[in-house]
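Below: the structure, in structure tokens.
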Amino acid sequence: MAKVCDITGKRPRVGNNVSHANNKTKRRFYPNLHKKSFYVPEEDAWITLKVSSKALKTINKKGISAVLKEAQDNGMIVIK
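Every position in the sequence shown, counted from 1, becomes a number in the working numbering once 2 is added.
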């Protein structure tokens, strides 16, 4: 399962763990993803998306229909 947000496209970032002795080892910073179901009244259907916390706030602000249209225009999702 890919750790990528369906709306914003956020992906894991790469960085370093830094010890007290300043030793550096590679690590990954994962996005805060949640699997969530949304009701789309225009289609009269439920859809399940993997969204980041920021995308959830955007959906609450703009509405699911506007966010889906915007994501489709950006090429993040394909709506049939």
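Think of the CB as a built atom: it goes at the ideal place given N, C-alpha and C, for glycine as much as any other residue. These numbers were taken from a predicted model, which means no experiment stands behind them.
**Prompt:** Excluding sequence positions up to five away, which residues of its chain have a Cβ less than 8 Å from the Cβ of LYS26?
**Reply:** ASN18, ASN19, VAL20
**Message:** Here's the rule I'm using: 16 or more other beta-carbon atoms within 10 Å means buried, otherwise exposed. How should LYS12 be labelled?
**Reply:** buried
**DSSP three-state assignment for ILE81, whether helix, strand or coil** = coil
**VAL69 (DSSP reduced to helix, strand or coil)** = helix
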